[in-house]
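*Asks:*
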Amino acid sequence: MPHNSSDFKDFFVGGLLVVEGGKKKLEGVLGGLGQWIPMRLGNESVFYFHPTKALDIVDKDNSDLLYYDGYLTGVNKFAFRELDDDLPLIFKMSGFENYGLVVSCEFKKYVEESALTGLSFKKL
């Protein structure tokens, strides 16, 4: 099965799957924020970026969280703590690591200016 020719091959809840050219453009700005893991996608060499930073940014009191028997089962809407502008480029939400990655506006801008393709963004 052929894969598209974008820089980002896929988005996973826990990280990004990137082709070698995309990795070369990103590794300088993402250094220290995660791990690059080499993988194969069919006959193609790709790299999985696993972010290791997790920040406690969720305001649980004002978020609309779903619980069953005391266990978190879903999220209708997140509310966030007041944060300064000095956030890492990419990170996970502490306690909500399985709910996706968070990226800064600076990361979004870098991806767009570097003409990296295959990734879209949604404002939280």
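Residue numbers for the sequence shown follow our numbering, beginning at 1 and rising by one.
Beta carbons are placed, not taken as given, at the ideal position from N, Cα and C, and that holds for glycine.
1) Suppose only complete runs of 3+ residues qualify. What are the beta strand (DSSP E) ranges in the region 46-95, listed by chain order?
2) Based on the DSSP secondary-structure assignment, which residues constitute the bridge partners of residue 8?
3) Using the beta-carbon count (16 or more within 10 Å), is residue 5 buried or exposed?
4) So residue 18 and residue 46 are in contact, right, with Cβ under 8 angstroms, and what is the actual spacing, rounded?
5) I'd like to know if residue 97 contacts chain B, where contact means its C-beta is closer than 8 angstroms to some C-beta of that chain.
6) Starting from residue 44, follow its DSSP beta bridges and name the residues at the other end.
7) How should residue 107 be labelled, buried or exposed, when 16 other C-beta atoms within 10 angstroms of its C-beta is the threshold for buried?
8) Pick from 8, 20 and 55: whose alpha carbon is nearest that of residue 104?
9) From which residue to which residue does the alpha helix (DSSP H) around residue 121 run?
10) Could you give the residue range of the alpha helix (DSSP H) that holds residue 99?
11) Tell me, which residues are paired with residue 28 by DSSP?
12) Pick from 118, 124, 120 and 110: whose alpha carbon is nearest that of residue 26?
*Replies:* In short, the structure shows the following:
1) Within the region 46-95, the complete beta strand (DSSP E) runs of at least 3 residues are 64-68, 71-77 and 90-93.
2) According to DSSP, residue 8 bridges with 18.
3) It counts as exposed.
4) About 7 angstroms separates the CB atoms of residue 18 and residue 46; that is less than 8 angstroms, so the two are in contact.
5) As a matter of chain content, chain B is missing from the structure shown, which is built from one protein chain.
6) Its beta-bridge partners are 41.
7) Label assigned to residue 107: buried.
8) Among 8, 20 and 55, the Cα nearest to that of residue 104 belongs to 55.
9) Counted as a single uninterrupted DSSP element, the stretch harbouring residue 121 is not any alpha helix (DSSP H), since DSSP gives it neither H nor E.
10) Residue 99 -> no alpha helix (DSSP H), and no H or E assigned at all.
11) Answer is none; residue 28 lacks a bridge partner.
12) Nearest C-alpha to residue 26: 110.
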